[in-house]
Amino acid sequence: MTAVLSATDALRGSLMASIDDNQINYSSTDWKTKYYEVADMLAETRAELDEFHTSSKELEEELIKEIERTEKAQQDLKVKVSRVESDRDEWKSKFISLQTTHNTTTTSLQRELDTVRQECQKLKVQLRELEMGNDDLERNERAVSSSLADAEAKYSRALEEKILLEHELFDKAHLEEECQRLKDELRGLLRSTFSFLTKDAGVEISILQDQLAALQSKVSASATESPASAAPSSSPQITPSSTEENLLNTPPPPDFQLAELSAPGKS
């Protein structure tokens, strides 16, 4: 409003200055004509002034409304700015908290990762040691298996030799029993020889000597076949030459009587 009044005063001053100039410059002309011209100019100026007032009022109202809208928008923007600043502060605090949590978690995970790496390295060393121990155990197992196979083979051979020796010992015992039986028969024949001094007794003695020689050859053959039977036997060796000497040097039985020799001759 002040700006409009100042503009009107300036216009009025300019009109008065123009009137004074006209009065000075045109003093010889008709004053009525000048008066009308000035009155018309004044009416036009007033109309322009009224129009200017009307337009200025409208402009002022528009400016006031614009200012109000601008102030409202500014208030809204201030509210939004304050809200955004509060959100910013909240998100900033959240970001700082998350950053701290992230740093703490990262540090913890890094420590755990270092621990896991150390444990993994230890496990690799232990695995390598276990593999080496496993290789040693496999070598020992192969050596033990080979030794066991050799021991089983030796045991099988020893068992076979034991069975053969048992059979040979059984045969030897059987032969010893047969030899003892023949000795008993020979002793009985010797008794009958002292009672019967005939040619038939000599023939029987020679037959018995042949049987003893055959039995002795069997015993010597069985003794050469088994290595265990190479040990000295408790029974005496019998040969044909020693048999004849034993027959001549054998004492008569204690119950032998000379009357037994004469009895068959008389009959």
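In the UniProt record's numbering, the protein residues as written are 1 to 267.
For every residue, glycine included, the Cβ atom is placed at its ideal position computed from N, Cα and C.
- Between Leu208 and Glu185, the C-beta gap is smaller than 9 Å, which places the two residues in contact.
- Taking a cut-off of 8 Å for Cβ pairs, the stretch 145-155 and the stretch 167-182 do not touch, as fewer than three such pairs fall below it.
- Assignment of Asp30 by DSSP, reduced to helix, strand and coil, places it in the coil class.
- A straight line joining the alpha-carbon of Asp135 with that of Leu123 spans about 18 Å.
- By alpha-carbon distance to Arg191, the top candidate from Cys179, Ile205, Gln180 and Glu178 is Ile205.
- Distance from the CA of Glu152 to the CA of Leu165, rounded to the nearest whole angstrom, comes to 19 Å.
- Take the alpha-carbon of Asp40 and the one of Glu62: they are about 32 Å apart.
- For Glu168, the closest of Ala221, Glu131 and Ala213 by C-alpha to C-alpha distance is Ala221.
- The C-alpha of Leu182 lies about 14 Å from the C-alpha of Val219.
- One Cα belongs to Thr193, the other to Lys162, and the distance between them is close to 45 Å.
- Non-local C-beta neighbours of Leu215 in its own chain, meaning closer than 6 Å and more than five positions away in sequence, comprise Cys179, ordered along the chain.
- Cα atoms of Glu90 and Asn103: separation of roughly 20 Å, rounded to the nearest angstrom.
- Non-local C-beta neighbours of Glu160 in its own chain, meaning closer than 6 Å and more than five positions away in sequence, are absent.
- In this structure, the straight-line span from the alpha carbon of Ser217 to that of Asp210 is close to 11 Å.
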